[in-house]
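Novice:
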Amino acid sequence: MNSAFDLRMGESHIEVHKFRTGAILISTLLALVFQAWFPVHFARVALLDLPLLVTIYFGLSRRNPSTGLLLGTAIGLLQDSLSGPTVPLGLFGIAKTVIGYLASSIGARLDTEHPAARFALTAGFFIIHQAVVALTRRILLAQPEPWLNLHLFGAALVNALVAVVLFILLDRLRRQS
Amino acid sequence: MPSRHKSLVLLAGVILLQVLLLAVQIKRDSQGRLIRTWTVGAVSPFERAGSYVFGSFRDTWRSYFALRGTKKDNDDLRRENDELKLRMVQLEGKAAEADRFAALLHFRQSQTDVPMVAARVIGGGPSTASFTIALDRGERDGIRKDMGVITPDGVVGKIIDAYPNTSQVLLLTDERSGVGAKLADSGIQSPVGGLGEAMLTMKYFPNDDDVSVGARVVTSGMDRIFPRDLPVGTITEIKPGNPFKQIRIKPAANLEKLEEVLVLLTLRPLREPEPVAVKPDVPAASNSAPPQVANP
Numbered sequence: 003m004n005s006a007f008d009l010r011m012g013e014s015h016i017e018v019h020k021f022r023t024g025a026i027l028i029s030t031l032l033a034l035v036f037q038a039w040f041p042v043h044f045a046r047v048a049l050l051d052l053p054l055l056v057t058i059y060f061g062l063s064r065r066n067p068s069t070g071l072l073l074g075t076a077i078g079l080l081q082d083s084l085s086g087p088t089v090p091l092g093l094f095g096i097a098k099t100v101i102g103y104l105a106s107s108i109g110a111r112l113d114t115e116h117p118a119a120r121f122a123l124t125a126g127f128f129i130i131h132q133a134v135v136a137l138t139r140r141i142l143l144a145q146p147e148p149w150l151n152l153h154l155f156g157a158a159l160v161n162a163l164v165a166v167v168l169f170i171l172l173d174r175l176r177r178q179s
Numbered sequence: 071m072p073s074r075h076k077s078l079v080l081l082a083g084v085i086l087l088q089v090l091l092l093a094v095q096i097k098r099d100s101q102g103r104l105i106r107t108w109t110v111g112a113v114s115p116f117e118r119a120g121s122y123v124f125g126s127f128r129d130t131w132r133s134y135f136a137l138r139g140t141k142k143d144n145d146d147l148r149r150e151n152d153e154l155k156l157r158m159v160q161l162e163g164k165a166a167e168a169d170r171f172a173a174l175l176h177f178r179q180s181q182t183d184v185p186m187v188a189a190r191v192i193g194g195g196p197s198t199a200s201f202t203i204a205l206d207r208g209e210r211d212g213i214r215k216d217m218g219v220i221t222p223d224g225v226v227g228k229i230i231d232a233y234p235n236t237s238q239v240l241l242l243t244d245e246r247s248g249v250g251a252k253l254a255d256s257g258i259q260s261p262v263g264g265l266g267e268a269m270l271t272m273k274y275f276p277n278d279d280d281v282s283v284g285a286r287v288v289t290s291g292m293d294r295i296f297p298r299d300l301p302v303g304t305i306t307e308i309k310p311g312n313p314f315k316q317i318r319i320k321p322a323a324n325l326e327k328l329e330e331v332l333v334l335l336t337l338r339p340l341r342e343p344e345p346v347a348v349k350p351d352v353p354a355a356s357n358s359a360p361p362q363v364a365n366p
């Protein structure tokens with residue numbers, strides 16, 4: 003059995019990864035910049051949610067729910083800020099707060115180093131993220147928002163696929179223990 | 071607190087803050103900003119509760135404590151109400167008096183050839199056994215002993231004492247009183263006298279003569295006090311007797327509520343007066359003088 007899927011009974015058995023100084027900040031800023039810049043030139047790239055992938059990655063790696071949800075909050079609010087007047091502050095903030103918490107919580111219980119696990123978790127988190135966004139839009143903004151459709155399902159798979167590659171790149175920012 | 075719970079609390083707090091942040095920004099067309107809608111929704115129950123409590127307190131205050139001066143106002147209003155009631159009674163009395171004077175005047179105008187003087191009843195008999203009244207007119211007004219006293223309704227009695235300014239009348243209901251009378255329809259004559267009660271009696275009506283209840287009795291003029299054909303009363307009860315029938319008569323004049331009367335200054339016969347509608351008497355306290363209709 004692959005060690006990445008071993009269920010660890012205590013958090014003390016899970017390795018908490020630390021990153022080089024400024025790695026999280028720079029990664030986050032780059033994700034936000036690319037997220038704001040890429041769709042302008044490549045429309046199809048708009049289905050990518052790089053800030054979400056960064057949130058998931060550092061949540062799974064840091065394995066601390068508090069820091070995970072705070073990181074998600076920060077990334078989400080920054081994304082909201084860059085999204086223009088049509089997206090109110092807090093829309094993606096709430097969604098990424100939830101994802102940061104869930105990713106950190108799951109990362110504290112499961113070894114999520116295996117690419118397949120990362121793929122599945124990312125796809126699942128993408129759908130949850132979309133569900134929270136839809137919920138927020140429907141309830142608070144009274145705006146129509148699909149819970150999940152084929153396009154979003156495809157986007158979940160694409161993001162999961164990108165996440166597998168991206169997470170490998172981000173693994174290089176880890177500080178060697 | 072375990073770290074798991076700490077993170078849950080932190081999660082809830084962060085989400086709540088962001089929800090509030092959203093609410094501050096979101097503006098719905100019909101309700102304004104969402105934060106305002108939420109705030110109103112959250113505050114309004116307390117406002118309603120406060121309004122209810124304050125309203126209850128205010129109502130209690132207004133209904134009880136603020137009514138301290140109400141007793142005085144109530145007393146003043148009650149006193150004013152009593153005064154108005156008294157005033158109304160006085161006015162009603164004056165109106166009734168005016169009606170009676172109008173009836174007297176009408177009667178007097180219908181008897182222009184008969185001298186008479188109007189007088190006000192100023193006193194009653196000194197005892198229950200004495201059916202007399204006192205008038206405010208006397209010898210100076212031409213009143214003499216044995217003159218007849220009437221109202222437009224019928225015979226009242228006769229003058230038994232005349233003083234310079236007053237006179238005393240023996241009512242027809244007194245046992246000592248009497249008037250020459252006859253049945254208006256058949257002309258059968260018989261004196262009518264008092265019984266010492268409200269009713270009169272026809273004293274010497276033969277058993278052989280026919281008479282029925284409801285028959286009208288008028289003066290015959292034979293007593294030389296009252297002219298003939300003045301109403302005396304109406305027969306209400308007939309019993310066979312020996313040697314005369316026992317006939318009870320209800321007086322035509324309301325002898326129990328006399329206020330103004332006419333004193334006949336002559337024995338000339340009167341014409342049958344036309345019926346006059348007179349309002350029911352109302353107890354009155356009035357000092358106004360009756361109309362002068364005497365001695366044309």
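So the sequence lines, in the order shown, correspond to chains P and U. Take the first sequence: its position 21, counting from 1, is numbered 23 in my numbering, and each next residue is one higher. Take the second sequence: its position 166, counting from 1, is numbered 236 in my numbering, and each next residue is one higher. All residues carry an ideal CB built from backbone N, CA and C; glycine is no exception.
(1) Once the 5 residues before and after N365 (chain U) are set aside, which same chain residues still bring their CB inside 6 Å of it?
(2) Since I believe G74 (chain P) is in contact with T99 (chain P) (beta carbons under 8 Å), could you give me their beta-carbon distance rounded to a whole number of angstroms?
(3) Whole angstroms are fine: how far does the CA of A168 (chain U) sit from the CA of D279 (chain U)?
(4) In terms of residue numbering, what span does the beta strand (DSSP E) encompassing R176 (chain P) cover?
(5) Please classify F135 (chain U): does DSSP put it in a helix, a strand, or coil?
(6) With a threshold of 8 Å between beta-carbons, can V123 (chain U) be considered close to chain P, or not?
(7) Between the beta-carbon of G109 (chain P) and the beta-carbon of S68 (chain P), is there less than 8 Å?
(8) Hey, does H75 (chain U) have any beta-carbon neighbour from chain P nearer than 8 Å?
(9) Just checking: is the beta-carbon of L137 (chain U) within a distance shorter than 8 Å of some beta-carbon in chain P?
(10) Relative to the alpha-carbon of I52 (chain P), which residue among P:G24, P:A38, P:F44 has its alpha-carbon at the smallest distance?
(11) Go ahead and label I203 (chain U) buried or exposed: buried means 16 or more other beta carbons lie within 10 angstroms of its beta carbon, across all protein chains shown.
(12) Compare the C-alpha of A125 (chain P) against each of P:T30, P:P87, P:G156 and name the closest.
(13) So what's V187 (chain U) in DSSP terms, helix, strand or just coil?
(14) Where does the unbroken alpha helix (DSSP H) through Q179 (chain U) begin, and where does it stop?
(15) As a quick exercise: from U:G303, U:R318, U:R298, pick the residue whose alpha carbon is nearest that of P310 (chain U).
(16) Here's the rule: buried if 16 or more other CB atoms are within 10 angstroms of the residue's CB, otherwise exposed. What is S282 (chain U)?
(17) Does the separation of the CB atoms of G212 (chain U) and V187 (chain U) fall below 8 Å?
(18) One question on the structure: do G102 (chain P) and L71 (chain P) come within less than 8 Å of each other, judged by their Cβ atoms?
(19) Should L27 (chain P) be labelled buried (16 or more other beta-carbon atoms within 10 Å of its own) or exposed?
(20) Please name the residue in P:T138, P:L112, P:F36, P:R120 whose C-alpha comes closest to that of Q81 (chain P).
(21) Can you tell me where the beta strand (DSSP E) holding V230 (chain U) begins and where it ends?
(22) Of all Cβ atoms in chain U, is any one closer than 8 Å to the Cβ of L62 (chain P)?
(23) Does any residue of chain U have a CB that is nearer than 8 Å to the CB of I26 (chain P)?
(24) Looking only at its chain, what residues have a beta carbon closer than 6 Å to the beta carbon of R298 (chain U), apart from the 5 residues adjacent to it on each side?
(25) Kindly list the residues whose CB is nearer than 8 Å to the CB of A133 (chain P), restricted to its own chain and excluding five residues on each side of it in sequence; keep chain order.
(26) Run down chain U in chain order and give the residues with a C-beta less than 9 Å from the C-beta of S85 (chain P).
(27) Taking a cut of 8 Å between CB atoms, which residues from the region 136–167 of chain P lie near chain U?
(28) Any C-beta of chain U sitting closer than 8 Å to the C-beta of T23 (chain P)?
(29) Following a CB-centred definition, is D280 (chain U) positioned closer than 7 Å to any heavy atom of the ligand PLP?
(30) What separation, rounded to the nearest whole angstrom, lies between the Cα atoms of A251 (chain U) and S180 (chain U)?
(31) In its own chain, which residues sit with a C-beta less than 7 Å from the C-beta of F169 (chain P), not counting the 5 before and 5 after it?
(32) Just checking: is the beta-carbon of S77 (chain U) within a distance shorter than 8 Å of some beta-carbon in chain B?
(33) Step through the CB atoms of chain U and report whether any lies within less than 8 Å of the CB of P53 (chain P).
(34) Which whole-angstrom value describes the C-beta separation of D206 (chain U) and T236 (chain U), a residue pair presumed to lie in contact below a C-beta threshold of 8 Å?
(35) Taking DSSP's pairing of strands, which residues face G218 (chain U) in a bridge?
Specialist: With the structure as the only source:
(1) Stepping through the second sequence from its first residue, residue 365 (chain U) is reached at position 295. Caution is warranted here: a pLDDT of 38 is assigned to N365 (chain U), below 50, making its placement in the model unreliable, and no coordinate value can be reported.
(2) In the first sequence, counting from the first residue as 1, residue 99 (chain P) sits at position 97. In the first sequence, counting from the first residue as 1, residue 74 (chain P) sits at position 72. The pair is a contact, with the Cβ atoms about 5 Å apart (cut-off 8 Å).
(3) By one-based count along the second sequence, residue 279 (chain U) stands at place 209. By one-based count along the second sequence, residue 168 (chain U) stands at place 98. Straight-line Cα distance between these residues: approximately 43 Å.
(4) Walking along the first sequence from the start, residue 176 (chain P) turns up at place 174. Taken as a continuous stretch (DSSP letters only), R176 (chain P) belongs to no beta strand (DSSP E), as it is neither H nor E.
(5) Against the second sequence, residue 135 (chain U) aligns to sequence position 65. The answer is helix: DSSP assigns F135 (chain U) an H, G or I state.
(6) The count along the second sequence starts at 1 and reaches residue 123 (chain U) at position 53. Chain P, which has no Cβ nearer than 8 Å to the Cβ of V123 (chain U), makes this no.
(7) The sequence position of residue 109 (chain P) within the first sequence is 107, counting from 1. The sequence position of residue 68 (chain P) within the first sequence is 66, counting from 1. Not a contact, by the Cβ cut-off of 8 Å.
(8) The residue given as residue 75 (chain U) occupies position 5 in the second sequence. No, no contact with chain P.
(9) Counting from 1 along the second sequence, the entry for residue 137 (chain U) is found at position 67. With 8 Å as the cut-off, L137 (chain U) does not count as an interface residue toward chain P.
(10) As a working note, residue 52 (chain P) is residue 50 in the first sequence. One point to set straight first is that residue 52 (chain P) is Leu, not Ile, in the sequence displayed. The option with the nearest alpha carbon to L52 (chain P) is P:A38.
(11) Along the second sequence, one-based indexing puts residue 203 (chain U) at 133. Buried is the call here.
(12) Start at 1 with the first residue of the first sequence, and residue 125 (chain P) comes out as number 123. Checked all of P:T30, P:P87, P:G156; the closest Cα to A125 (chain P) is P:G156.
(13) As a first step, residue 187 (chain U) must be located in the second sequence, where it is residue number 117. Note: V187 (chain U) maps to strand in three-state DSSP.
(14) Start at 1 with the first residue of the second sequence, and residue 179 (chain U) comes out as number 109. Where Q179 (chain U) is concerned, the enclosing alpha helix (DSSP H) stretches over 140–180.
(15) As a position in the second sequence, residue 310 (chain U) is number 240, starting the count at 1. With distances taken between Cα atoms, P310 (chain U) lies closest to U:R318.
(16) Within the second sequence, residue 282 (chain U) is the residue found at index 212, counting from 1. Flag for S282 (chain U) reads exposed.
(17) Position 142 of the second sequence, counted from the start, is the residue given in the question as residue 212 (chain U). Position 117 of the second sequence, counted from the start, is the residue given in the question as residue 187 (chain U). Yes; because the gap between Cβ atoms is below 8 Å, this pair is in contact.
(18) Looking up residue 102 (chain P) in the first sequence gives position 100. Looking up residue 71 (chain P) in the first sequence gives position 69. Yes, Cβ-Cβ distance for G102 (chain P) and L71 (chain P) is below 8 Å.
(19) Here residue 27 (chain P) refers to the residue found at position 25 when the first sequence is read from its first residue. The residue in question, L27 (chain P), is exposed, as its Cβ has fewer than 16 Cβ neighbours within 10 Å.
(20) Residue mapping note: residue 81 (chain P) aligns to position 79 of the first sequence, counting from 1. Among P:T138, P:L112, P:F36, P:R120, the Cα nearest to that of Q81 (chain P) is on P:F36.
(21) For the purposes of this step, residue 230 (chain U) is identified with residue 160 of the second sequence, where counting begins at 1. Looking at the sequence shown, residue 230 (chain U) is not Val but Ile. Per DSSP, I230 (chain U) belongs to the beta strand (DSSP E) from 224–232.
(22) Counting from 1 along the first sequence, the entry for residue 62 (chain P) is found at position 60. Not one chain U Cβ lies under 8 Å of L62 (chain P).
(23) The residue labelled residue 26 (chain P) in the question sits at position 24 within the first sequence. Judged by the 8 Å Cβ criterion, I26 (chain P) is not in contact with chain U.
(24) Mapped onto the second sequence, residue 298 (chain U) falls at position 228. Scanning its chain for C-beta atoms nearer than 6 Å, with the 5 sequence neighbours on each side dropped, one finds around R298 (chain U) the residues T289, S290, G291, P339, in chain order.
(25) The sequence position of residue 133 (chain P) within the first sequence is 131, counting from 1. Correct list, in chain order: W149, L150.
(26) Stepping through the first sequence from its first residue, residue 85 (chain P) is reached at position 83. The premise fails here: S85 (chain P) is roughly 12 Å from chain U at the closest Cβ pair, so nothing lies under 9 Å.
(27) T138, L142, L143, A144
(28) The count along the first sequence starts at 1 and reaches residue 23 (chain P) at position 21. Taking Cβ atoms only, chain U never reaches closer than 8 Å to T23 (chain P), which makes this a no.
(29) The ligand PLP is not part of the structure shown, which contains no ligands of any sort.
(30) Walking along the second sequence from the start, residue 251 (chain U) turns up at place 181. Walking along the second sequence from the start, residue 180 (chain U) turns up at place 110. Their Cα atoms are separated by approximately 22 Å.
(31) Sequence index remark: in the first sequence, residue 169 (chain P) carries index 167 (1-based). Closer than 7 Å at Cβ, skipping near neighbours: Y59, R120.
(32) The displayed structure is made up of protein chains P and U, and chain B is not among them.
(33) Counting from one through the first sequence, the residue named residue 53 (chain P) turns up at place 51. At a cut-off of 8 Å between C-beta atoms, P53 (chain P) does not count as an interface residue with respect to chain U.
(34) The residue given as residue 206 (chain U) occupies position 136 in the second sequence. The residue given as residue 236 (chain U) occupies position 166 in the second sequence. Confirmed, Cβ separation roughly 6 Å.
(35) If you number the second sequence from 1, residue 218 (chain U) lands on position 148. U:K228, per the DSSP bridge assignment.
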